[in-house]
Structures are given as C-alpha cells and as structure tokens.
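Asks: Here the protein sequences come in this chain order: A and B. Taking numbering that gives the first Met the number 0, the leading residue of the first sequence gets 0, the next gets one more, and so forth. Taking numbering that gives the first Met the number 0, the leading residue of the second sequence gets 0, the next gets one more, and so forth. The beta carbon of each residue, even a glycine, is placed where N, CA and C say it ideally should be. Sharing a structure here in structure tokens format.
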Amino acid sequence: MKYTVMECHEGYAVLMGEDSCFVRAANMHYSVGQIVTSPIILDDDVKRSAISRSVFVKIAAAAACITLISAVGLNYYSKNLKTHSVLTIGSDFNIQLELNSKGKVIRMKSQTADGKDVLEHYDTKNKNMVGAVNDILDVMKEQGYITNDDTVELYISADSKKESESYKNEIEHEISAQKVNVSVVDKPPEPPQKRPVVHEPADMKKEDEKIENEKTEKLPVPSAPAPDVNKNPEIIPVPSEPVIDKNEIIENIPVIPHENIQKPENNSPQQTPPLPENIPEIEEIVPPVQTPPENIIEHERPVRPEPSPENQKPPYENKFPDNSTPEPRPHRDDFRNEYPNERTKE
Amino acid sequence: MSSEAQQIAARVQLAKNDNKEADALIADYMPFIKSETAKFLKRSPEQTDDELSIAMFAFYEAIRNYSRLKGSFLKLASLQIRNRLIDHYRREKRNTGNISLDASDDDHTELIDTISDDHNDYEEIELREATHHEIQELSSQMEDFGLSMSDIAESSPKQNRSIASCSAAIRYARNNPELLDEFLASKRVPLAKLAKGASVDRKALERHRNYLAGILLICTNGYEILRGHIMQVLSDNKSGGMNT
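This is the structure:
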C-alpha cells in the first residue's frame, strides 16, 4: 500500500494510506507530500483483526489454565481416587477393599449378608491396607464369624504382578497372628451364589413312575415285565422251540430228476408231487390280534335318514318322450348364409 | 527514585499527550539515542543512517508506552531501541543477496544509470510540491478545527469493521454536499445524520470523530490530490481497498 507523508516530526512521521487511514511511522528522512511504501509503522497503529492480540492472549491463557488444572486433577484422580487393586477377604464374606496406587483403602463393599454385617461395624476409609485387614479380621472375630484356628483366604487382584506380589508379602508378614492363605488372582472372586434347587430321590422316583404309566397307557397291548432271572433264581426259564432256518428246509427237499416227472393227463386233475416224509412241520405264524385301546371311543356313524316323499326330488322328466331324436345343431355355414361376411360378399 | 529520574518521568508524561513536548524530549536526548545506536552498530551513527531514524522512532514509542510502574524510563527506552534495531537488522538481512542500485562497475558507472526510467522527475517533483501545498492548507484548516495530524492518526480506525463503518459515513457525506457545508459552517461533525444516512452505529463513529473531521475536510473543495489518493474509499465501490 502506498502512503502519503502528511506530517514529519523528530521521531516519527504521520502517513495517510490509500484506505484513508492515518498511521504514525518511523521518519526515514521523509518529506511532506512524499509517497512511500512499506514504512515501519507504530505498533499501536497497526491494523488489528477482530480478535485483538490481548484477547487472544487471554483466551490462550485461560485454555492453558484449564489444561493445567485438568492435568493436575487427572493426576490426583489416578493416584488417589482410581482403583488400582482389589483385595477380597474370604470367599464367603466377599469383602472387597478397593485400593489406590498408594495402597490406601478408597472404598469397601460386600455383596453377602455376612460381609455387609461386618462392614457395618467398621469404617476403613483412608486407612492402610494392612491395618484395614487387621481391623476387619478383629471385627469378624468379635462377631464370632471366625476363630483363631480358622484360615482366612485373601485374594489379591492388582494392575501389575509387582504390586500384587508386594501386597502378598506385606500381608504374609504383617498379618502373622491369623492363619492367612493369600492367593493372587486376575479377577476378584465372585460372591457365593444361592444353591440351585435339587430334586429329592423320592420325587425323582415319582416322576419316573409317572412317565412309565404314561407310556403304558399309550401302548396298545400291556406287556408284562420280563422276569429277571438273576434276581429270582426260582424262576426256571422254559426252553423255547428250535428255530428252523428256511435254507435248511430248502436243502432237505429231495431233488427229482426231470425225466421221472410224470406228465399229467389232459382231463385228469393236476397231481401235486409227493412231499418228502422227513419234512418237519412248521407252525403257522399267527399275527397277534391287536386289541384297540380302551381309551379310544368308537363313535357310531350317523345314519342317513330315509328320504320322505315330501323331500324327494321329482323324477327325471324325459324331454323326448316319443323317443324322437333331437333336432341337429345348426352348422356354422348356415350362419354364414344368414349373416354373410364382407369377404363372402366380394 | 532520584530527582533526575523523576524529572524525566514527568517530561515523558507530558510528552505522551503533547507532540511538541515529545519532539523536544527527543531532541534533548539525541546523545542518548546516538549512543544506543552506536552500541548496536559498533560505530558512531551518521545523521543519514536509517538506524538512527529507527532509534529515534523507538524512543518515541518508549515515550508512549512508558508508565511509572515500569521503572526507569531510560532503561525502557534503551531496550526499545535495541529491539527495534534488531528487527530492522533482521528485515534487512532478507535482502542481503540483492545488488544495490548505487553499486558501481569498474568504469565508475552506477547501476541505476544503466536502467531505463520511465518516470518524469520534473512531473514528480511538481506533484510532490503541489501535494505539499495541499497538505499545508489542510493543516492550517485543521488548526481552525482544533485538530492536528497526530490527533487524526490517534483516532484513526484500526479494525476492518470500523474502517468500513467510517468509509460508509464518508461516502454518504460526499454524496450529500449539504452535510459538508453544514460541517464547514458549524465546525462539528454531523454524526447523527451520518450514522442514520449510512446505516451505521453512532457509537462506532463517535470513537473516530477527529478522523472523520479530517477526512471530511479533504472531501471539501481544494484537495484534489489528496482526494485522488484516497479515491478507492470515496468511490461507491465498497470492495476496494478495505481488506489491505
């Protein structure tokens, strides 16, 4: 932008730009009326954007403060308020002590009734882990949940193995009065759930009998149970008749040569060849008669009522009583003659 | 604080609002300014050196920025001069690879003499003299209105939005000559009419009252060259020159 020098002073000159703005700049041996470019303008007269530098600095400072505060708060939270490890006392009590990175108890909870009862009598907040465990064991002893001879199980679940090992060593050394069984686990054990309802054997027997009865009712012929020979030695099994194989019968049939076969006479009835005498008799296999089950109710078929003279249809009327042949149907050519087509006209 | 430092501080406070006092202060402390310049240049500065002009400008800036809370004025001025000279040195360093037009060959012929120049020096000198004459007239007329160029520079708009508002008001006044006549007669800027006519906020114009007075004076008859310099603002084409 070009500037016209409007006034000259000892230390500065007043210039007028093409945008009609007046600025103060360094007087580089200017003379009034001279047109100059790229002068050194006073900082106060430099054009500013809508957000001035001071406002920008304030916004930046505020953002920096918020970032700093949030970083400090996050650090405090992660060190003091975030749960880094969980110590569970007894699988039955399931008292869980949540510890921060410093090993202090942040909060404690239990999902079992006994655990809640123990925790009602004690507050372990902001206490050391070992002290809290000792106090809780004392409370459990006072309330009679455990005795000196009992073994208390402790489960440690920490972010790192190092922490869990250090907690384990600490507990094993510090809590020497009790019999403590410490184990490191990945996750804290779940509280004992309610036992599922187990059917008694008597009930099972009843159910089996019911099922068997249902089966027998459905069967068409009730069959008596087979006697157990092993249980009742008095019962002697009846030897069943030998089963004759069909192939054996065929083999025993004597073979008659073809020449010896007497041809029957024309008028004489056909004679069957004589059967061999040694053929054993085969019992005729009678299929068992299936009696219908008693549950099936036979419905009687509805009897069609005899037609009354009123309901009877009129007899077929013969259209041709004189046995005369009906008139033949008209042929299509007859219609053509009556209604000639244009083609036929031509 | 010693009595001498108190005197300097008192003079600086006066020079903040009085341009003549500022010029006098600068003139009185020229040896100090030269010594600070010499520290940077590591030689005695000459009167034609740009560094000396920049050092004097930095001293003027120190006068404007000084407050008693900042301690000794001379220390502040020394720091300001040094910073400005460093800025000037860095700016000039970008042009170190360029050849000066005043450089001479073996034949003692300067480079500027070998370049064809379309400029007519006589016309340029005449134009500069005519501009100088107009500016002198404008300055004398401003004195009647109680204004100076420094006052106008002080109240000149800096932000693009305020520049646009003032430009709209100036265009409206130029299209309505009766407003300029009223301004010359009453020697008061008709802010209410300008704001209403140009559809701008009156408060936005009030902050730049002195600036508007100076530009309205230029818009009156007799300042053709200056009007031509700011023609892009006076023309109705609003898009010109506002974003530069």
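1. Suppose the cutoff is 6 Å on Cβ atoms and the five residues either side in sequence are ignored; what does the same chain contact list for residue 333 (chain A) look like?
2. To the nearest angstrom, how far is the alpha carbon of residue 113 (chain A) from that of residue 76 (chain A)?
3. Any idea what DSSP makes of residue 142 (chain A), helix, strand or coil?
4. Taking buried to mean at least 16 other C-beta atoms within 10 Å of its own C-beta, is residue 64 (chain A) buried or exposed?
5. Can you pull the chain B neighbours of residue 39 (chain A), defined as C-beta to C-beta under 7 Å?
6. For a contact defined as C-beta to C-beta under 9 Å, what are the partners of residue 162 (chain B) on chain A?
7. Relative to the C-alpha of residue 170 (chain B), which residue among B:15, B:211 and B:160 is closest?
8. Going along chain A, which residues have a C-beta under 8 Å from residue 156 (chain B)?
9. Any beta carbon of chain B sitting closer than 9 Å to that of residue 158 (chain A)?
10. Should residue 17 (chain B) be flagged as near chain A, meaning a C-beta pair shorter than 9 Å?
11. Give every residue of the same chain whose Cβ lies closer than 6 Å to the Cβ of residue 106 (chain A), excluding the five residues on either side of it in the sequence, and list them in chain order.
12. Among residues of its own chain, excluding the 5 on either side of residue 64 (chain B), which ones have a beta-carbon nearer than 8 Å to its beta-carbon?
13. Helix, strand or coil for residue 106 (chain A) per DSSP?
14. Quick one: give me the first and last residue of the beta strand (DSSP E) that residue 34 (chain A) is part of.
15. So, using beta-carbon positions, are residue 216 (chain B) and residue 141 (chain B) closer together than 9 Å?
16. DSSP has residue 97 (chain A) in a bridge; who is on the other side?
17. Residue 7 (chain A) lies in the beta strand (DSSP E); which residues open and close that run?
18. Would you mind telling me which residues of chain B sit closer than 7 Å to residue 31 (chain A), beta carbon to beta carbon, in chain order?
19. Which first and last residues belong to the alpha helix (DSSP H) in which residue 166 (chain B) is found?
20. Per DSSP, what kind of secondary structure is residue 31 (chain B) in: helix, strand or coil?
21. With DSSP as the reference, label residue 241 (chain B) as helix, strand or coil.
22. Closer than 8 Å by beta-carbon distance: list the chain A residues that pair up with residue 47 (chain B), in chain order.
23. Given a limit of 7 Å on CB to CB distance, which residues of the region 73 to 95 of chain B reach chain A?
24. Taking the alpha-carbon positions, what's the residue 240 (chain B) to residue 16 (chain A) distance?
Replies: Well, looking at it:
1. none
2. 31 Å
3. coil
4. exposed
5. By Cβ distance, chain B contributes 53 and 56.
6. 18, 19, 20 and 46
7. B:211
8. 20
9. no
10. no
11. 97
12. 75 and 79
13. strand
14. 34 to 36
15. yes
16. A:85 and A:106
17. 1 to 7
18. Residues of chain B with a Cβ closer than 7 Å to the Cβ of residue 31 (chain A) are, in chain order, 131 and 134.
19. 159 to 174
20. helix
21. With a pLDDT of 40 at residue 241 (chain B), under the threshold of 50, the modelled position of this residue cannot be trusted, and the question is left open.
22. 28
23. none
24. The predicted model places residue 240 (chain B) with a pLDDT of 40, which falls under 50 and marks its position as unreliable; any figure quoted below should be read in that light. Rounded to the nearest angstrom, the two C-alpha atoms are 10 Å apart.
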